[in-house]
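Here the structure is laid out as structure tokens; the discussion comes afterwards.
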Amino acid sequence: MNIKEAIHLYLSYKESLGEKIRDVRYLLLRFERYINPIVELDEIKETDCQNFLNCKGRKNNNYTRYWDYQFCKLERFFVWAFSRKFIHSIPLPKIRPTIRHDFTPYIYSTILR
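Taking my numbering, the leading residue of the sequence shown gets 3, the next gets one more, and so forth.
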């Protein structure tokens, strides 16, 4: 099964559950265009997914929260495909990087001064 067909099935499945899929649709269609719509799901490599995630998910050599968001959405798609035996292994990076949290709540920043 190629990636275009799998994404169409996944989105129709999510829609049938009553979920709002606008953001997921945008991300998966962007992933489809990045990979190539006629590529088979089993031909997608871990490096392809890593390069896609790094396109918008890194800033100044740091992983952003958006990288993590994209990873979660792709992971759900690939787990869905894996459970239906469309793929033999999930092609996402095995190790997730840690995401820096620079935000300090106002209440703590004023107390600690």
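Glycine included, C-beta positions come from ideal geometry on N, C-alpha and C.
Original post:
Looking only at C-alpha atoms, which of Glu-17, Lys-16, Leu-19 and Ile-9 sits nearest to Leu-30?
Top reply: Ile-9
**OP:** Kindly confirm or deny that the stretch 13-30 and the stretch 38-58 touch, where touching means at least three C-beta pairs closer than 8 angstroms.
**Re:** no
**OP:** Under 8 angstroms Cβ to Cβ from Glu-77, same chain only, skipping five residues before and after it: list those, please.
**Re:** Ile-92 and Leu-94
Original post:
Whose C-beta lies closer than 8 angstroms to the C-beta of Trp-82 among residues of the same chain, with five residues either side of it excluded?
Top reply: Tyr-12 and Tyr-15
Original post:
Under 8 angstroms, do Asp-70 and Ile-89 count as touching if we go by C-beta distance?
Top reply: no
Original post:
Could you give the residue range of the alpha helix (DSSP H) that holds Ser-14?
Top reply: 5-18
Subject >> Endpoints, alpha helix (DSSP H) assigned at Leu-43 >> reply: Taken as a continuous stretch (DSSP letters only), Leu-43 belongs to no alpha helix (DSSP H), as it is neither H nor E.
Original post:
Does the beta-carbon of Ile-46 have 16 or more other beta-carbons within 10 angstroms, so that it is buried, or is it exposed?
Top reply: buried
Original post:
Taking the C-alpha atoms as reference points, what is the distance between Lys-87 and Lys-96?
Top reply: Their Cα atoms are separated by approximately 20 angstroms.
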